[in-house]
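For reference, the structure discussed in these notes is given below.
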Amino acid sequence: MMAIKRLLPGGWLSAYAFLYVAFLYLPVVFLPIFSINTAATPKFPLSGVTLKWYEDLPRTPALIDATWNSLIVGVSASVLSTVLGILAARSITRYRYPGRRAINGLIMAPLVLPEVIVAISMLLVMLQLGLSLSLFTVVLGHVLVCIPYSMTVLTSGFEGFDRSLE
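Counting with my numbering, you get residues 39 to 204 for the letters of the sequence shown.
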C-alpha cells in the first residue's frame, strides 16, 4: 500500500484514476501482440508468430466495403459540415436579426448533449419521416455532430474579419 502512495501522491482518487485508465487501455496494448499470433483466439502463451491476418485484410470484401463506407461518410460529412458551418457562422457574425441567439444555441446544442441522446433522437426523427437507414442518414448524423465544431472555429475567424474587404 505504501508503494502505491509513493507512486500516486494524490491518494485514493489518483489510484482510482490509474486503475480506470489501465482497465481501459490495457487491452489496447495487447492487440498488436495478439495480431501476430498464429492461433485464432487471443490467449497466452502465443503459439507462433505470423503475418497471415494482415495478408488476409486486403482480400476481405466486408472490410473493403466498410473502408469505402467510412471514406464516403467522412469526406461527405466534413465537406457538408464545413460548407454549412461557413454559411451559419457568416450569418451569425455578419447580420443582426431576431432569434439569432436562439438559432445559434440550437445549432450548438449537440455540443452539450450526450451523443447517445442526439443519436437516438435523430434516429426517431428519421424513422418518423420515413427515411430508410442508409449511408445518407449516417452522413446526416455526422453532419449534425460536426457543424457546431466547424461553426465555433469559423465564427471566431469571421468575428475578426474586416467588413471593408467584402
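Yeah, the Cβ is synthetic: ideal placement off N, Cα and C, and Gly gets one too.
CB of Val191 within 9 Å of CB of Gly123, strictly: yes
Would Leu69 pass as a contact of Ala77 if the rule is Cβ separation under 9 Å? no
Take Asn107 as the anchor and find which of Ile158, Phe174, Ile74, Asn142 has the nearest alpha-carbon. Phe174
Should Ile74 and Thr88 be called a contact, given that it needs their Cβ atoms to be closer than 9 Å? yes
According to the Cβ coordinates, are Ala100 and Phe196 closer than 9 Å? no
Taking a contact to mean a Cβ-Cβ separation below 9 Å, would you say Ile158 touches Ile185 in this structure? no
Cα-Cα separation, Phe72 to Gly49: 34 Å
Could you check if Ile155 is buried or exposed, using at least 16 other CB atoms within 10 Å of its CB as the buried criterion? exposed
By Cβ distance below 8 Å, which residues in the same chain neighbour Ser119 in space, the five residues on each side in sequence not counted? His180, Val181, Cys184, Ile185, Tyr187, Ser188
Return the CA-CA distance between Asp94 and Pro80, expressed in angstroms with no decimal places. 17 Å
Hey, would you say Leu171 sits closer than 9 Å to Leu161, going by beta carbons? yes
Would you kindly report the start and end of the unbroken alpha helix (DSSP H) that includes Gly112? 99-132
In whole angstroms, what separates the C-alpha of Thr193 from that of Gly86? 55 Å
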